[in-house]
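Let me begin by presenting the structure, written as structure tokens, before commenting on it.
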Amino acid sequence: MDLSEEQSIADILWFLSALFDGPPPENIWGDIPESVWSALNPESTVGPTPSQFRADQLKDEYVHWLLVPDPGAKFGLYPDPQDLPDQHGVEWQWEILVAVLDVPWKKDEFVDGRAYPMRPNHLSVLLAVLAILLELPWDRPILDHTVDEWFGYGLALSRTILARLVSELPDNSGYRAIAASAQHYLAGLDQWHRLIDSR
Amino acid sequence: MNTDEKDIGISRKTFVLGSMGAASTLTALWGSWPWLPAMFHRRGTYTYPMRTELWKDVDVRYSVCRQCRSDCGIEARVFNGVLLKLDGNPYHPNTTEPQLPYNTPVADSYHAPIPHSLCARGQAGRQTVYDQYRVLFPLKRSGPRGSGQWKTIGWNQLISEVTQGGTLFHDVPGEENRYVSGFSDLWKNGQGPNLPVDPAHPDLGPVTNQFVMFWGRSEPGQATFLTRFASAFGSVNALPHVGICELNHHVATMQSLNGQIAMLKPDINNAEFIIWFGANIYNANFPMQTLGRKVAQAASEGDLRFVLVDPNTPNSAGRAARHVKIQPGGDGGLIMGMIRHIIEHHRYHSVFLTSPSYQAATTRGQSNYTNATWLVIQDPGHPDKGQFLTASLAGLLPSTDARASHPVVIDSATGRPAVADDSPSGTLWPTGDLSTKSVKVNGILCQTGFQALYESARTYSYQEYANIAGIPESTIHELASEFTSHGTKAVADFYRGPAMHTNGVYTGRGILTLNFLIGNIDQAGGYITGGLPADFLGNYKNAPYKLATWPSPHRKLPAGVPISREKTAYENTSLYHDAVKAGKNPFPTPRPWYPFGFGIWHEIFAGTWYQYPYPVKILFQHEANPAWSAPPGMSGLPDETLPWFRMIKDLDKVPLYIASDILISESSRYADYIVPDTSYLETWGMLPGFPTVPTGVIGVRQPVIEPLTARTPTGEPMSVEQFLIDVAIRLNLPGFGSHAFHEGGELINREQYYLKMVANIGFYPDYLAKKGSQLVKTGPVPDGDGRYERAAASRWKARYGNALTGDQWNKVGYVLARGGRFEDYDVSYLPGPTPKLMTYGYGHGKEPCQIYNATFAKTHNSLTGVAFMPVAFWEPVKFFDGTPLDSVDNANKYPFRLSTYKQPIHSKARTWADKWLVELMPDAYLDINPLDARRLGLKSGDWVRVASASYPQGIDSPVRIMPGVRPGVVSFPAAFGHWHYDSGQWSINGQIQRGDPHLITPVRLNALMRRDPSLTDATGWGTSMIDPVGGGADYYSTRVSLTKIAKKSLDPTLI
């Protein structure tokens, strides 16, 4: 299947979203070729790549470090209040944006070992919503902002969370490696997005 | 590389090609990966509406607010399960005047062209539900109590551990072998309710009373549920927070009426003159916005003039005719001076006051009556001194007569004693006008209740009363004169300000007496009871569900005495009688008893600390934050030397501490377990109206969104109710599980209970409607067969279909779709050309207005043994042992009185989670009068150290120059000074969590408030000053000193 630029990026974002929604099952993790990671983070020269970690290790890490969904956590998957790029109501508006986009981010039930997002600024939701936004016209207005502006907002939030994860998670951890790859990929995405803006 | 690409650090080509390559690899794997996020739609179509109100498919759900206790109806707009916006419910009279007629089609209400407002804190409530720091899973402490160390546990583990008990904290150093009693240790397979907690005193109740539940906020409906659990378990300890709120107001009102009605309010729409004592109009009170709206309208467009009596300046001062900046604790001086003036100048309503019975009153055109003319035994040696003379004691009827105990008056016409029921008019002055000399009846010296009142009123001169109140004497006379110049269209109303002193009940009795003197009860423009709510418990004929009781085996023991010794007369206990029998002085008791008060937090904690009258085993806290909020002097700072912290950290006195909460607050931080609870937008309640609204009101709070809390193994949202239900099922408590209701049916989730309450509301037959010139009963609501009514019912029916029967769902849909059940606006007054009498009134009960309360005369301060005053009275602020505060705390050392007040943007602890409100005013200040500020060399923004005798180390605060505060008084708003409410630091599963440091802002000065040395033990553990009659805590009497200190930063991250 031929994918457009945006669709390709969206699929990567879905993939990353899933990784922060919960640890990958063992039988799937082994299927992911190293080439995916090198594509996400081609300039990585330090530290292990995610594929060097076993699925059971990732599961332990996720449950112990990332599952408890309290914001403010050292390894939390939500933005801290001070992370919010613009406090003029935009933080709340993200909730409404997600409602408008009909993203059913709330889960019907709590599944042991997987995220149970209480707000749609959980990293897994942020990444998924970015993927959804990629499929919309950039200049489409939603709630007093364009899709382009919303994308920039969500991207900034996601990068903030990832930066904290990379900074705080132990160097030899699998989820740090995943976060580092995601961080690098989103840095590239940010520049790609700014290039779109400048056209 | 093109020009564009030069500007970025990563090659666009590299990025795009990498993405496409990786995506194609992933796409190949995609279909076999069920793990990938099925939770999201992919590549669908979306809608982009721009205005919430106009969005298609937005659900409108009516419910009830809980941002304060006004219980306003709310209109929640929900889209795709997300709460977008909160406004007022146009059917609800709190938010809309006149409210929509109840039979207005629901679809029309969505576009109602009338203001249906909600206050700022109400609108901000969605930030509470989406607060990012909410607790969604059960937490168990993994370190010492208060260490902030937590681990997550599963629901079943939570239920099992608290039920079974054991060495629950064996992994915590120092607690390896500490056995913790669980519910089953008290329940004892159902025998606990039959085993006395003290075999020598079985009237204290069973061992199950050692389960103590208290709450900060839980209103009718939910509180009814919590009490059902406690009662089924065999505990009387289901206790609200009233003692730190306005308890003395309620006790004064109840003990001036029939012991049940706790609040009256002015009929603002028709009143001509109102004096508000410490009621904080526009800022607070019940309902805040309803009162504010009515007062603003009546004062600007109608005939209302009003006076504020308050050492602070509420926002309503802008419209007030007069503002009397009273000396805190001195309200009683003004009131008793006014009473004296009214009596001595004969400006009282003599027809009203001389009617000795309901029959006599109605014959003379009055709607109710008083006991002012009833004779009271004053013979010093008589065993019934202070009690009403009875017909048999007066020799009017034999003791075997059915009316032998009825009161006696001196009949005005004959001048002879008569049974009150038989006299058309009694005399107030049997020994001459303004004479307090006793009259002898059947050899017994007696006074009328009115004489006793006058004797009390003339204890002090007008000038002395003026000095007590800190006002000119002329103010007393002027206010008394104007108050008595509007017939029955004047009202004296009050709330916390004058009441929450140690003399609060007596002061409140004085305010009620002012109203009795002009006969304004139940009158249009007078002091009114408000409408009756529909009965959700089903205590009416043919109610679908009788929810007040449930199938339960007979229990052998009395329910017993609450840990706070409230609602219990010590003189009626075996403790008292045993002491008397043994020839011992029954006074003092180890801690006070409170026959009139209820919900006395400080005595819950004192009972726990003193283990009196029995030790506590399980302390259960629901939506409460006593570490921050109160009682005065016992908490309010992160200082673990303060009494509340000492108590809660004592593992012997509090072996098990469970908190249900929506986040880890200053208090739940100390819990052993935190039960994740639903916020008010995710739960239920049945909320009656306040007397401010004269028609029948019952708002129904229903979840407007799906609860965010995690699900239990049975699929129910975790909540306080589900916790109690699952504990009850585990123990096999009556009233839960299968066969939970008299009508049959199970109770395994909360909806099975609350929906039955809604059914009772729907079938309630006694609401009124105006038909022509008549008021007629409406009967039950119609069947809700419209689209929105069906939707309102099916939302619950789909999941909880067995909660109700088929026809009941139709009524329930009608009620839920409107957010409750409300009488129409035109039911307020009895039909007539002009409003004269309220439709609902106190007089309907045919009980007297109590100028004289004989029960007070035989009830004692259980420390001193001194009987309470039966009439309005002024006494100085005292410690419980009778020592005047000012004789101990020197005015030179502590020259200021500390006061506090509410703002309209906050209420108690919870609204601090709403960042919109925090943004409005992030920091608080100590307000100081400019005269005092100049004397101390202070200007706004300077800092002072505020110290008191109870907290001499002091608390630092910025100051704000505020002309509205009385000189000699300093005051602070009540909502600030949090240190662990969406802020602070804790750990879960070993990982550090941090709240928002910007939320730690000054200032809260409750820790300074005076503790009572006569209620303090040898270790220094003590409680606040307390009104011995009502039990309410004293918030406004503390003397403090101010010392200027160097300025501090207001940026909490820099402090």
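Protein sequence lines correspond, in order, to chains A and B. The numbers in the first sequence follow my numbering, run straight up by one, and end at 199. The numbers in the second sequence follow my numbering, run straight up by one, and end at 1055. We put the beta carbon where it would ideally sit given N, CA and C, even for glycine.
- Item | Exposed unless 16 or more other CB atoms sit within 10 angstroms - verdict on His860 (chain B) | His860 (chain B) is buried by the Cβ-count criterion.
- Can you give me the Cβ contacts of Leu17 (chain B) inside the same chain, cut-off strictly under 8 Å, excluding the 5 residues immediately before and after it? Leaving aside the five residues that flank Leu17 (chain B) on each side, none in its chain has a CB nearer than 8 Å to its CB.
- Query: Listing by chain order, which chain B residues have their CB less than 8 Å from the CB of Gly154 (chain A)?
  - Reply: None at all; the shortest Cβ gap to chain B is about 14 Å.
- Query: With 16 as the cutoff for other CB atoms within 10 Å, does Leu514 (chain B) come out buried or exposed?
  - Reply: By the C-beta density criterion, Leu514 (chain B) is buried, having at least 16 other C-beta atoms within 10 angstroms.
- Query: Comparing alpha-carbon positions, which option in B:Val64, B:Thr1019, B:Trp979 and B:Ala872 lies nearest Val1003 (chain B)?
  - Reply: The alpha carbon of Val1003 (chain B) has as its nearest neighbour, out of B:Val64, B:Thr1019, B:Trp979 and B:Ala872, the alpha carbon of B:Trp979.
- Item | chain E contacts made by the segment 80 to 107 of chain B, where a contact means CB separation under 7 Å | The displayed structure is made up of protein chains A and B, and chain E is not among them.
- According to DSSP, is Leu708 (chain B) helix, strand or coil? If DSSP states are grouped into helix, strand and coil, Leu708 (chain B) belongs with coil.
- Message: Quick check on Asn27 (chain A): buried or exposed, where buried means 16 or more other Cβ atoms within 10 Å of its Cβ?
- Response: Here Asn27 (chain A) is exposed, its C-beta having fewer than 16 other C-beta atoms within 10 Å.
- Task: Assign Ala200 (chain B) to buried or exposed, taking buried as 16 or more other Cβ atoms, counted over all protein chains shown, within 10 Å of its Cβ.
- Result: When all chains shown are included, Ala200 (chain B) counts as exposed.
- Task: Spell out the partners DSSP gives Ala238 (chain B) in its beta bridges.
- Result: Answer is B:Met213.
- Query: So, using beta-carbon positions, are Gly221 (chain B) and Trp684 (chain B) closer together than 7 Å?
  - Reply: Yes, the pair counts as a contact, with Cβ atoms nearer than the cut-off.
- Message: According to DSSP, simplified to helix, strand and coil, what is Lys811 (chain B)?
- Response: Correct three-state label for Lys811 (chain B): helix.
- Item | Contact with chain B by Glu5 (chain A), beta-carbon distance below 7 Å | It does; some Cβ of chain B falls within 7 Å.
- With 16 as the cutoff for other CB atoms within 10 Å, does Tyr21 (chain A) come out buried or exposed? First, the amino acid is wrong: residue 21 (chain A) is Asp here, not Tyr. The residue is buried, with at least 16 neighbouring Cβ atoms inside 10 Å.
- Query: What are the uninterrupted segments assigned as alpha helix (DSSP H) that are 4 or more residues long and contained completely in the segment 353 to 421 of chain B, given in chain order?
  - Reply: Taking 4 residues as the minimum length, the alpha helix (DSSP H) runs contained wholly in the segment 353 to 421 of chain B are 358 to 363, in order along the chain.
- Spatial distance of Met1009 (chain B) from Ile244 (chain B) (CA atoms): Whole-angstrom Cα-Cα distance: 13 Å.
- Would you verify that the beta carbon of Asp102 (chain A) is, or is not, closer than 7 Å to some beta carbon of chain B? Nearest CB-CB separation between Asp102 (chain A) and chain B: below the 7 Å threshold.
- Message: Between the alpha carbons of Asp144 (chain A) and Ile96 (chain A), how many angstroms are there, rounded?
- Response: Each residue's alpha carbon lies about 12 Å from the other.
- For the segment 598 to 611 of chain B, which residues have a CB atom closer than 7 Å to at least one CB atom of chain A, in sequence order? Answer set for the segment 598 to 611 of chain B: empty.
- Message: Taking the alpha-carbon of Pro287 (chain B) as reference, which of B:Ile275, B:Ile268 and B:Asn890 has the nearest alpha-carbon?
- Response: Ranking B:Ile275, B:Ile268 and B:Asn890 by Cα distance to Pro287 (chain B) puts B:Ile268 first.
- For Asp1034 (chain B) versus His501 (chain B), is the C-beta distance shorter than 7 Å? Yes.
- chain B residues whose Cβ lies nearer than 7 Å to that of Lys59 (chain A): Neighbours of Lys59 (chain A) on chain B: none; closest Cβ ~12 Å, over 7 Å.
- Give the DSSP bridge partners of Thr900 (chain B), in chain order. Per the DSSP secondary-structure output, Thr900 (chain B) pairs in a beta bridge with B:Phe972.
- Query: Which runs of the alpha helix (DSSP H) fall wholly inside the segment 719 to 754 of chain B and span at least 4 residues, in chain order?
  - Reply: The qualifying runs are 720 to 731.
- Message: Under DSSP, the beta strand (DSSP E) around Val580 (chain B) begins and ends at which residues?
- Response: Not the beta strand (DSSP E): Val580 (chain B) falls in the alpha helix (DSSP H), residues Ser574 to Lys581.
- Query: What first and last residue would you give for the beta strand (DSSP E) that runs through Gln206 (chain B)?
  - Reply: Just to set this straight, residue 206 (chain B) is Pro in the shown sequence, not Gln. Taken as a continuous stretch (DSSP letters only), Pro206 (chain B) belongs to no beta strand (DSSP E), as it is neither H nor E.
- How about Ala489 (chain B) and Glu272 (chain B): do their beta carbons lie closer than 7 Å? Rather than Ala, the amino acid found at residue 489 (chain B) in this sequence is Lys. Closer than 7 Å, so yes.
- Assumed close pair Tyr901 (chain B), Pro973 (chain B) - CB separation to whole angstroms, cut-off 8 Å: Between Tyr901 (chain B) and Pro973 (chain B), the beta carbon gap of about 6 Å places them in contact (Cβ cut-off 8 Å).
- Message: Restricting to runs no shorter than 4 residues, where is the alpha helix (DSSP H) found entirely within the segment 279 to 333 of chain B?
- Response: Unbroken alpha helix (DSSP H) runs of no fewer than 4 residues, entirely contained in the segment 279 to 333 of chain B, are found at 288 to 301, following chain order.
- Task: Give the secondary structure of Met254 (chain B) by DSSP, where H, G and I count as helix, E and B as strand, and everything else as coil.
- Result: In the structure shown, Met254 (chain B) sits in a helix (DSSP, three-state: H, G or I).
- Using a Cβ-Cβ distance under 7 Å, would Tyr576 (chain B) count as near chain A? So no, Tyr576 (chain B) is outside the interface.
- How many angstroms separate the CA atom of Arg509 (chain B) from the CA atom of Gly633 (chain B)? Just so you know, the alpha carbons of Arg509 (chain B) and Gly633 (chain B) end up roughly 26 Å apart.
- Message: With three or more C-beta pairs closer than 8 Å as the rule, is the segment 447 to 455 of chain B touching the segment 844 to 863 of chain B?
- Response: Yes: the two stretches touch, three or more of their Cβ pairs being nearer than 8 Å.
- Compute the Euclidean distance between the alpha carbons of Ala182 (chain A) and Pro703 (chain B), then round it to the nearest angstrom. About 38 Å.
- Message: Please confirm whether Thr1001 (chain B) has its beta-carbon closer than 7 Å to some beta-carbon of chain A.
- Response: No - not a single Cβ of chain A is within 7 Å of the one on Thr1001 (chain B).
- Message: Quick check on DSSP: helix, strand or coil for Ile905 (chain B)?
- Response: The answer is coil: DSSP assigns Ile905 (chain B) none of H, G, I, E or B.
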